[in-house]
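Trainee:
Chains as they are written, first to last, in the UniProt record's numbering: chain W, 1 to 336; chain H, 1 to 336.
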């Protein structure tokens, strides 16, 4: 921390001002930095009075950084042709733009070597911050974290632990899927997942099974199947094939992503199984296209369009020298 | 052009070597620049002999550029959450990476002001080239073209005319959709389109109507409806609403993009019209997800996964000082 402060005296933090003003840290940060448009006149006045009264001093490093010429923030994201990733990118791009930054986007393909390559290139471009969607553990990422680069992790947490994070409560999302199917009195239940699942995927599956256990099903009563690969479409298809190989389709199926649900749907379509009449599928993501062409899919809606604002707020807090924090956004099951 | 040449003597171009060697300009360019892995030993030898015999001299500007430190190419693309745009971005990113470049991606939202903003930022980053997907006319773009920056246009042509281009024959794509529906003996035909359509969209619609005229339908016999907006999903829904307002659904409907077809599908689903039984829809793009969750949609497949290689070949030709050219890739109607 680079704050100059008298020995023995704790500095007044943005968080202290925010708590006393009854607003978010990001709001205080914006007002202190002269961005007063998004708050009401009353809020601006209340915060400014508290800043004076408490003796809050803005972090100089943050301000200096923000005034440097570069206004670029780099987003590293896997698999741009995954609709969920595209939705996050679009949302963050819009939020950065309205905060005066431009976003450049790099496709890591979920690979550590490419993530490192792009981190090196971006570092040479003097970007102001990093947004890493679904990070994987890699050397350059650990080095960047160790240097204290401003990084916000999205979707998956920092593989080294800690750090600023925007995402959802994935266990709760899986539990909500279980509750939904249970409430419809479906007891013949199954779940499919990728063999090499991310922490997010594992948490969703874990939440689903744990909730069903609480509701009275033994683990053996919940059928499970997995398949290898990185494409969730193909994983969904192959895992569903294994699930129903020599067995009937379950009456309820949880897929930890909509793309896996699309894969299972294709197998059902090809084999004459009617969705949702014969098998109710619950996915996660609530991709924008579901409302248009997948009316058979109930899905846990993740508010990707709100991710942008949260990510930018977290970045600005990091620039202001605040401690990184986690922001879990509310998800919601959309029944179709 | 920066080629040094004796007065009165035409320089030997890559194209001349390529024609005599019976290979592509890109292949000659790669071999001349020492990238011999992708060609056979015979081809490399034949090209090298011709280079010596004809006295071809590589363009120094291209070589110098290529040796500069930056290995960044900027892609400007509208609406990253359009699956077609995402498919182009993924393909170009992979091709650039295997050629030793990294791609950074900027979302222009189909807006001239944002296109200009990103062009300014990218210029300050000393990128080696630009790929502009679906360009719109803008000041900074015209300035960049006038400076001779290496730019490859994708999807839509250079709004100022000329330049390197990768895309498909959009009129032919529309005509193919007409032929497909005609061959199924469907004569009750309609087309929907955005009020502010791009040249690509207009060409597809024009090709559809022109072909039906050739087949014997008068223009009045082909029902048309349009709707304003930038989201093709919403345009498709609203235009289909206008089309069927007080009229029955047509037996065949051409939508100049798959997203518009999804919009029309949603209206059909909501109103109990069965697709494809009651109305056959033909789209354009053949989005990857169609095979998984839109088995009712016949679509003109655009080989987006091949776009990357073509775009990089064109960029390398521009770096070598070659004249820009147009590359139309073969499309194919996929019947589902």
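All C-beta atoms, glycine included, are put in the ideal place defined by N, C-alpha and C.
Applying the criterion that 16 or more other CB atoms from any shown protein chain within 10 Å of the CB defines a buried residue, is residue 144/H buried or exposed?
Mentor: Numbered from 1 along the second chain, position 144 holds the residue referred to as residue 144/H. Residue 144/H comes out buried.
Trainee: Using 8 Å as the cut-off, can you tell me whether the segment 226–238 of chain W makes contact with the segment 160–172 of chain W, which would need three or more C-beta pairs spanning the two stretches below that distance?
Mentor: Counting Cβ pairs under 8 Å, fewer than three are found: no touch.
Trainee: Alpha carbon to alpha carbon, how far is residue 125/H from residue 38/W? Give it in angstroms, no decimals.
Mentor: Residue numbering aside, residue 38/W sits at position 38 when the first chain is read from its first letter. Residue numbering aside, residue 125/H sits at position 125 when the second chain is read from its first letter. C-alpha separation (whole angstroms): 31 Å.
Trainee: Using DSSP with H/G/I as helix, E/B as strand and the rest coil, what is residue 326/H?
Mentor: Against the second chain, residue 326/H aligns to sequence position 326. Strand at residue 326/H.
Trainee: Counting C-beta neighbours from all protein chains within 10 Å, is the total for residue 133/W 16 or more, i.e. buried, or is it exposed?
Mentor: Stepping through the first chain from its first residue, residue 133/W is reached at position 133. Buried, by the Cβ-count rule.
Trainee: Give a yes or no on whether 7 Å exceeds the smallest Cβ distance from residue 302/W to chain H.
Mentor: Mapped onto the first chain, residue 302/W falls at position 302. Not an interface residue.
Trainee: What residue does the beta strand (DSSP E) around residue 193/W start on, and which one ends it?
Mentor: For the purposes of this step, residue 193/W is taken as the residue at position 193 of the first chain. That run of the beta strand (DSSP E) goes 189–194.
Trainee: Give the DSSP-derived three-state secondary structure of residue 308/W in the structure shown.
Mentor: As a working note, residue 308/W is residue 308 in the first chain. Looking at residue 308/W - three-state DSSP - the assignment turns out to be helix.
Trainee: Which of the three DSSP states is assigned to residue 348/H in this structure?
Mentor: Lying before the first or after the last residue shown, residue 348/H is absent from chain H, which here runs from 1 to 336.
Trainee: Alpha helix (DSSP H) containing residue 291/H: first to last residue?
Mentor: Within the second chain, numbered from 1, the residue matching residue 291/H stands at position 291. Note, residue 291/H: alpha helix (DSSP H), 290–293.
Trainee: Taking 7 Å as the cut-off, decide whether the C-beta atoms of residue 170/W and residue 200/W are in contact.
Mentor: As a working mapping, residue 170/W is identified with position 170 in the first chain. As a working mapping, residue 200/W is identified with position 200 in the first chain. The answer is yes: Cβ separation under 7 Å.
Trainee: Any beta carbon from chain W within less than 7 Å of residue 128/H's own beta carbon?
Mentor: Here the question's residue 128/H lines up with position 128 in the second chain. By this cut-off, residue 128/H is not an interface position.
Trainee: Within the 7 Å Cβ cut-off, does residue 398/W reach chain H?
Mentor: There is no way to answer for residue 398/W, as the model of chain W reaches only from 1 to 336.
Trainee: Kindly indicate the opening and closing residues of the beta strand (DSSP E) around residue 77/H.
Mentor: Within the second chain, the letter at position 77 stands for residue 77/H. From DSSP, the beta strand (DSSP E) with residue 77/H extends over 72–77.
Trainee: List, in order along the chain, the chain H residues whose C-beta lies closer than 9 Å to that of residue 182/W?
Mentor: By 1-based counting over the first chain, the position of residue 182/W is 182. None at all; the shortest Cβ gap to chain H is about 26 Å.
Trainee: Chain W partners of residue 239/H, CB-CB under 7 Å?
Mentor: Taking the first residue of the second chain as position 1, residue 239/H is located at position 239. Here the premise fails: no neighbours, minimum Cβ distance about 14 Å.
Trainee: By the 8 Å beta-carbon criterion, what residues does the segment 99–117 of chain H contribute toward chain W?
Mentor: Listed by position, the residues of the segment 99–117 of chain H near chain W (Cβ gap below 8 Å) are 102, 103, 104, 105, 106, 107, 114 and 117.
Trainee: Just tell me which of 203/H, 103/H and 56/H has its CA closest to the CA of residue 130/H.
Mentor: The count along the second chain starts at 1 and reaches residue 130/H at position 130. For residue 130/H, the nearest C-alpha among the options comes from 103/H.
Trainee: Got a sec: is the Cβ-Cβ distance from residue 281/W to anything in chain B below 7 Å?
Mentor: Absence of chain B from the displayed structure is noted, the protein chains being W and H.
Trainee: Per DSSP, what are the beta-bridge partners of residue 332/H in this structure?
Mentor: Against the second chain, residue 332/H aligns to sequence position 332. In the DSSP output, where bridge partners are listed per residue, residue 332/H has 301/H.
Trainee: Can you pull out the residues from the segment 250–272 of chain H whose beta carbon lies closer than 7 Å to at least one beta carbon of chain W?
Mentor: Flagged, chain order: 262, 263, 265, 266 and 269.
Trainee: Going along chain W, which residues have a C-beta under 8 Å from residue 90/H?
Mentor: The residue you call residue 90/H lines up with position 90 of the second chain. Result: 79, 80, 81 and 107.
Trainee: Of all the options 186/W, 328/W and 268/W, which has the alpha carbon lying nearest to the alpha carbon of residue 238/W?
Mentor: Locating residue 238/W in the first chain gives position 238, where the first residue counts as 1. Residue 268/W is the option with its Cα nearest to residue 238/W.
Trainee: Which same chain residues end up closer than 7 Å to residue 95/H when comparing Cβ atoms and leaving out the 5 residues on each side of it in sequence?
Mentor: Residue 95/H sits at position 95 when you count from the first residue of the second chain. Excluding residues within five positions, the ones whose Cβ falls inside 7 Å are 308, 309, 311 and 312.
Trainee: Using a beta-carbon distance below 7 Å, is residue 209/H in contact with chain W?
Mentor: Taking the first residue of the second chain as 1, we reach residue 209/H at position 209. By this cut-off, residue 209/H is not an interface position.
Trainee: Measuring only the C-alpha atoms, how far is residue 210/W from residue 219/W?
Mentor: Here residue 210/W refers to the residue found at position 210 when the first chain is read from its first residue. Here residue 219/W refers to the residue found at position 219 when the first chain is read from its first residue. If I take the Cα positions, the gap works out to 9 Å.
Trainee: So residue 242/W packs on residue 297/W, CB below 8 Å; how close in whole Å?
Mentor: Translated into positions along the first chain, residue 242/W becomes position 242. Translated into positions along the first chain, residue 297/W becomes position 297. So it is not a contact: roughly 21 Å between Cβ atoms.
Trainee: Quick check on the burial criterion: 16 or more other C-beta atoms within 10 angstroms. Buried or exposed for residue 29/W?
Mentor: Taking the first residue of the first chain as position 1, residue 29/W is located at position 29. Buried, because 16 or more other Cβ atoms sit within 10 Å of the Cβ of residue 29/W.
Trainee: Kindly indicate the opening and closing residues of the beta strand (DSSP E) around residue 282/H.
Mentor: Taking the second chain and counting its residues from 1, one reaches residue 282/H at position 282. Here the beta strand (DSSP E) through residue 282/H covers 280–285.
Trainee: With DSSP as the reference, please indicate the residues paired to residue 106/W in a beta bridge.
Mentor: Position 106 of the first chain, counted from the start, is the residue given in the question as residue 106/W. DSSP lists 76/W as partners of residue 106/W.
Trainee: When you compare the segment 40–59 of chain H with the segment 74–89 of chain H, are there three or more beta-carbon pairs, one atom per stretch, that lie closer than 8 Å?
Mentor: With a cut-off of 8 Å, the segment 74–89 of chain H and the segment 40–59 of chain H do not count as touching, because too few Cβ pairs lie within range.
Trainee: Is residue 295/W close to chain H, meaning its C-beta is less than 7 Å from at least one C-beta of that chain?
Mentor: Here residue 295/W refers to the residue found at position 295 when the first chain is read from its first residue. Residue 295/W counts as touching chain H.
Trainee: Tell me the DSSP secondary structure of residue 60/H in three-state form.
Mentor: Taking the first residue of the second chain as position 1, residue 60/H is located at position 60. Low confidence applies to residue 60/H: its pLDDT is 38, below 50, so where it sits in the model is not reliable, and the reading given next is rough at best. Note: residue 60/H maps to helix in three-state DSSP.
Trainee: Check the Cβ of residue 72/H against every Cβ in chain W and list those closer than 8 Å, keeping chain order.
Mentor: For the purposes of this step, residue 72/H is taken as residue 72 along the second chain, with counting starting at 1. Residues of chain W passing the Cβ test: 121 and 125.
Trainee: With 7 Å set as the bound, which would you pick, yes or no: does the beta-carbon of residue 86/W sit closer than that to a beta-carbon of chain H?
Mentor: Walking along the first chain from the start, residue 86/W turns up at place 86. Judged by the 7 Å Cβ criterion, residue 86/W is in contact with chain H.
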